[in-house]
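Remarks on the structure that follows.
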Amino acid sequence: MDVFRVEGNGPLEGEIRIGGSKNAALPILAASLLTKETVTLKNIPNLSDIRFMVEILEYLGAEVHNPELGTWEITAHRISHIAPYELVRKMRASVCLLGPLIARLKKAEVSIPGGCVIGPRPIDLHLKGIRKLNCEVEISNGYVTVDASKSRGGHVFLGGRSGSTVTGTANILMASVLTPGITRIESAACEPEIVDLCNLLVKMGAQIENIGSPELIVTGVSELKGCEHTVIPDRIEAGTFITAAAITKGHVKIQGIPHSFLGAFLDKLQEAALPMEISDDSITVLPYKGSLNPVDIITLPYPGFPTDLQAQMCALMSITEGLSIITERIYPNRFMHVPELQRMGADIAIEGPSAIIKGPCDFSGAPVMASDLRASAALILAGFASKGVTWVQRIYHLDRGYESFEQKLSSLGAKIERLSDTDLPNDLLEK
Ligand code: EPU
Numbered sequence: 000m001d002v003f004r005v006e007g008n009g010p011l012e013g014e015i016r017i018g019g020s021k022n023a024a025l026p027i028l029a030a031s032l033l034t035k036e037t038v039t040l041k042n043i044p045n046l047s048d049i050r051f052m053v054e055i056l057e058y059l060g061a062e063v064h065n066p067e068l069g070t071w072e073i074t075a076h077r078i079s080h081i082a083p084y085e086l087v088r089k090m091r092a093s094v095c096l097l098g099p100l101i102a103r104l105k106k107a108e109v110s111i112p113g114g115c116v117i118g119p120r121p122i123d124l125h126l127k128g129i130r131k132l133n134c135e136v137e138i139s140n141g142y143v144t145v146d147a148s149k150s151r152g153g154h155v156f157l158g159g160r161s162g163s164t165v166t167g168t169a170n171i172l173m174a175s176v177l178t179p180g181i182t183r184i185e186s187a188a189c190e191p192e193i194v195d196l197c198n199l200l201v202k203m204g205a206q207i208e209n210i211g212s213p214e215l216i217v218t219g220v221s222e223l224k225g226c227e228h229t230v231i232p233d234r235i236e237a238g239t240f241i242t243a244a245a246i247t248k249g250h251v252k253i254q255g256i257p258h259s260f261l262g263a264f265l266d267k268l269q270e271a272a273l274p275m276e277i278s279d280d281s282i283t284v285l286p287y288k289g290s291l292n293p294v295d296i297i298t299l300p301y302p303g304f305p306t307d308l309q310a311q312m313c314a315l316m317s318i319t320e321g322l323s324i325i326t327e328r329i330y331p332n333r334f335m336h337v338p339e340l341q342r343m344g345a346d347i348a349i350e351g352p353s354a355i356i357k358g359p360c361d362f363s364g365a366p367v368m369a370s371d372l373r374a375s376a377a378l379i380l381a382g383f384a385s386k387g388v389t390w391v392q393r394i395y396h397l398d399r400g401y402e403s404f405e406q407k408l409s410s411l412g413a414k415i416e417r418l419s420d421t422d423l424p425n426d427l428l429e430k
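Residue numbers (numbering that gives the first Met the number 0): 0 to 430.
Here's what the structure looks like:
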């Protein structure tokens with residue numbers, strides 16, 4: 000297994016370009032099943048989660064070509080309706096296959112994804128929505144089985160305790176585009192990734208009104224066609240690099256990211272007094288002296304502060320003078336990075352869904368375990384602000400969602416090396 004050896008090396012400096020969005024690409028890949036014609040997708044990041052999704056599409060019968068890095072051509076001429084546990088268990092986003100299979104084949108049998116370290120990830124809202132489309136839904140032997148032979152448009156409310164659901168909205172959208180009648184999705188997710196999916200579906204011939212709003216209106220059509228689509232940039236990758244620049248007091252231009260994707264995040268950094276230059280498609284973090292200001296953050300569905308940048312902000316606020324409170328409203332237990340940051344010297348107390356951070360701490364390098372994708376990034380960022388060496392283990396989590404992470408960081412002057420776990424210092428080797 001690979002590990003990262005990370006060492007503080009002063010301010011990051013230079014320019015990087017943001018890659019395609021993982022969370023937009025995953026449902027968009029699933030949407031290619033909605034037509035028999037070829038769908039050409041560009042700016043798809045080269046990540047293990049993408050490869051899992053492609054593997055499932057191939058298993059279902061789609062022909063898949065990868066003519067160049069970032070481009071995938073998918074032709075789903077004949078497909079089957081069963082997505083088995085062996086494939087689905089590798090990635091929760093495979094639940095997004097339900098919508099396209101229901102729409103295209105009027106039946107689906109998809110294994111229910113298993114547990115997740117960031118907290119319970121139920122799919123009750125997905126299933127409620129599918130039932131509202133007059134489908135019969137059954138759960139047995141770990142599978143969701145849907146009979147959509149009598150499906151028709153309906154009125155679907157997708158709000159849950161934590162607001163809407165991103166992949167749930169994707170599923171109901173994809174199910175309804177080929178379902179006769181009008182479907183009204185209320186409390187739909189408004190994330191840029193959902194807007195990107197809507198834009199792809201419209202190119203394929205779908206009729207969707209109010210794109211980007213919490214009330215989507217879909218008029219079912221009888222078939223969809225192939226198209227070419229370029230996936231939007233990854234706002235979470237951009238936010239992670241912005242935080243990396245901030246934690247090292249660096250000077251980094253992050254290119255290819257519309258600032259509107261990161262409104263709440265940039266607003267908090269401005270409140271923290273991080274100097275930045277913001278233009279239409281780039282954000283430049285400027286160097287600063289002393290400490291940023293502490294800020295209080297509550298994670299919320301878009302356009303609120305994204306949960307996927309919460310761990311990285313915990314690292315940044317740890318070296319910031321004063322008291323910050325970071326409250327997690329999407330996944331109240333998503334604080335697995337906190338004990339690891341504490342091992343590196345952070346002063347953080349967890350009170351219910353909040354992390355109370357007293358800064359500044361002096362981070363010092365330590366061996367740490369990554370527990371999920373964004374936690375991995377937070378530990379690496381803390382490593383850049385540490386004295387000494389940080390060994391980050393279980394980085395397969397990071398490889399799910401950050402493309403060429405260490406190459407991009409190295410180009411900015413970061414000291415980060417991918418090694419094998421056999422290279423760990425003797426006292427860290429598992430005996
Ligand atoms: N929820 C329910 N019932 C449901 C679905 C969701 O109660 O049927 C709850 C969840 O438990 C959670 C909240 O609703 O409290 C939001 O969950 P959502 O369904 O929106 O999450 P998701 O679609 O499974 C996507 C991203 C996550 C990101 C969340 C929140 C993808 C593939 N995943 O997950 O990304 O954290 O939205 O923004 O799009 C990541 O990239 O690291 C990641 C975890």
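Note that CB positions come from ideal geometry on N, CA and C, so glycine has one too. Quick caveat: nothing in here was measured; it's all calculated off a predicted structure.
Bounding residues of the beta strand (DSSP E) (the contiguous stretch that carries residue i)
i, result
"residue 139", "135-139"
"residue 320", "Residue 320 -> no beta strand (DSSP E), and no H or E assigned at all."
"residue 366", "366-368"
"residue 402", "First-last for residue 402: undefined, no H or E at that position."
"residue 419", "414-419"
"residue 74", "70-74"
"residue 464", "No answer is possible for residue 464: the residues shown for the chain start at 0 and end at 430."
"residue 217", "214-218"
"residue 65", "62-67"
"residue 13", "12-16"
"residue 356", "353-358"
"residue 253", "250-254"
"residue 240", "Segment 234-246 is the alpha helix (DSSP H) holding residue 240; no beta strand (DSSP E) there."
"residue 207", "206-208"
Environment of residue i [buried if 16+ CB atoms lie within 10 Å]
i, result
"residue 386", "exposed"
"residue 77", "exposed"
"residue 233", "buried"
"residue 419", "exposed"
"residue 57", "exposed"
"residue 154", "exposed"
"residue 401", "buried"
"residue 189", "buried"
"residue 432", "Because the chain spans 0 through 430 in this model, residue 432 falls outside it and cannot be assessed."
"residue 68", "exposed"
"residue 360", "buried"
"residue 421", "exposed"
"residue 94", "buried"
"residue 317", "buried"
"residue 301", "buried"
"residue 27", "buried"
"residue 18", "buried"
"residue 152", "buried"
"residue 336", "buried"
"residue 343", "buried"
"residue 121", "exposed"
Top-ranked residue by Cα proximity to residue i, from the options
i, options, result
"residue 36", "12, 17, 103, 92", "103"
"residue 203", "22, 221, 288, 1", "221"
"residue 313", "347, 286, 292, 303", "347"
"residue 174", "87, 31, 255", "31"
"residue 140", "148, 157, 129, 111", "111"
"residue 208", "172, 248, 392, 236", "172"
"residue 229", "237, 254, 192, 249", "192"
"residue 311", "269, 355, 246, 282", "246"
"residue 134", "123, 147, 126, 122", "147"
"residue 383", "1, 7, 3, 2", "7"
"residue 270", "216, 295, 237", "295"
"residue 364", "380, 99, 59", "380"
"residue 403", "393, 391, 416, 392", "416"
"residue 130", "239, 113, 240, 150", "150"
"residue 168", "299, 34, 128", "128"
"residue 442", "197, 24, 259, 47", "Outside the displayed range of the chain (0 to 430) lies residue 442, so it cannot be described from this structure."
"residue 303", "162, 116, 90, 334", "162"
"residue 377", "351, 216, 357, 345", "345"
"residue 185", "82, 239, 124", "124"
Segment limits, alpha helix (DSSP H) that includes residue i
i, result
"residue 202", "191-202"
"residue 43", "It is not in any alpha helix (DSSP H) - residue 43 carries neither H nor E in the DSSP assignment."
"residue 86", "84-87"
"residue 148", "Residue 148 -> no alpha helix (DSSP H), and no H or E assigned at all."
"residue 342", "336-342"
"residue 373", "372-383"
"residue 345", "That residue, residue 345, is in no alpha helix (DSSP H); it is neither H nor E in DSSP."
"residue 304", "It is not in any alpha helix (DSSP H) - residue 304 carries neither H nor E in the DSSP assignment."
_Inside the region 262-294 only - alpha helix (DSSP H) runs reaching at least 4 residues_ = Entirely contained in the region 262-294, the alpha helix (DSSP H) runs reaching 4 residues are, in chain order, 262-270.
_Whole runs of the beta strand (DSSP E) within the region 98-126, excluding any shorter than 3 residues_ = Within the region 98-126, the complete beta strand (DSSP E) runs of at least 3 residues are 106-110.
_Please give the ranges of any beta strand (DSSP E) in the region 150-181, keeping only runs that are unbroken, at least 3 residues long and fully inside the region._
Those beta strand (DSSP E) runs which fall completely within the region 150-181 and span 3+ residues are 154-156.
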